[in-house]
Amino acid sequence: MERTFIAIKPDGVQRNLVGDIISRFEKKGFTLVGLKLLNVSRELAEQHYDVHKEKPFFKGLVEFITSGPVVAMVWEGDGVVASARKIIGVTNPLTAEPGTIRGDFGISIGRNIIHGSDAVETAQREISLWFKEEELASWKSSLTPWIYE
Ligand code: DAT
Ligand code: MG
């Protein structure tokens with residue numbers, strides 16, 4: 000079963016959006032298999048955003064993601080990587096569609112509330128970076144036959 004890595008950034012936590020965000024993924028039908036609130040170390044932040052290390056916004060991005068607690072999650076389901084990106088919306092909240100998390104709650108690109116893996120391989124890398132195997136719970140929801148045909 001496909002899995003993706005989702006992180007509610009410090010702005011999402013500070014703005015009390017944790018419940019609403021988790022609820023959107025739950026209501027869609029995806030299964031929560033990992034969840035923790037943590038203060039992100041500079042080392043983890045730099046590894047997570049390694050692909051952006053040459054970008055002008057890298058330093059600010061690392062400062063921001065380490066500035067307060069983050070809610071790290073792993074969600075599971077058919078097509079969850081691409082679907083979660085749609086639920087989240089495009090990178091810039093100002094242009095993100097209403098109905099998406101970024102479109103509903105954000106304005107600035109540097110305060111875009113949430114991270115979601117951009118591909119299945121990226122998801123695998125990010126899940127193993129943020130979670131130990133024993134921190135992930137494999138389980139099957141009793142609603143599965145009501146969600147999947
Ligand atoms: P996404 O988070 O949608 O995958 P990304 O991987 O291109 O976007 O960039 C990672 C994060 O970096 C993004 O969520 C916010 C920040 N960022 C991206 N482009 C930026 C820019 N032009 N100015 C400031 N921050 C930016
Ligand atoms: Mg990205």
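Mapping of the sequence shown onto numbering that gives the first Met the number 0: residues 0 to 148, in sequence order. Glycine included, each C-beta is placed from N, C-alpha and C at the ideal position. Computed from a predicted model, the values in this text were never measured in an experiment.
Distance cut-off 8 Å: residue i Cβ against heavy atoms of ligand 2
i: Asp103; result: no
i: Asp49; result: no
Residue from the options whose Cα sits closest to the Cα of residue i
i: His47; options: Thr94, Thr143, Leu142 and Ser116; result: Ser116
i: Val73; options: Met0, Pro144 and Leu135; result: Leu135
i: Thr30; options: Ala81, Thr3, Ile86 and Ile7; result: Thr3
i: Ser66; options: Arg41, Lys85, Ala122 and Phe56; result: Arg41
i: Gly59; options: Arg110, Gly76 and Ile106; result: Arg110
i: Pro9; options: Asn38, Asp49 and Ser82; result: Asn38
i: Glu125; options: Pro68, Glu53, Arg14 and Val80; result: Val80
beta-carbon residue i near ligand 1 non-hydrogen atom, thresh 8 Å
i: Asp117; result: yes
i: Phe4; result: no
i: Ile87; result: yes
i: Leu43; result: no
i: Lys150; result: Coverage of the chain is limited to positions 0 through 148, which leaves residue 150 absent and any answer about it impossible.
i: Gly59; result: yes
One or two residues paired with residue i in a DSSP bridge
i: Thr3; result: Trp74
i: Lys35; result: Ala71
i: Gly115; result: Ile5
i: Thr30; result: Glu75
Next item on the list: Jot down the residue ranges of each uninterrupted alpha helix (DSSP H) in the segment 76-113, minimum 4 residues, whole runs only, in chain order.
Entry: 79-87 and 100-104
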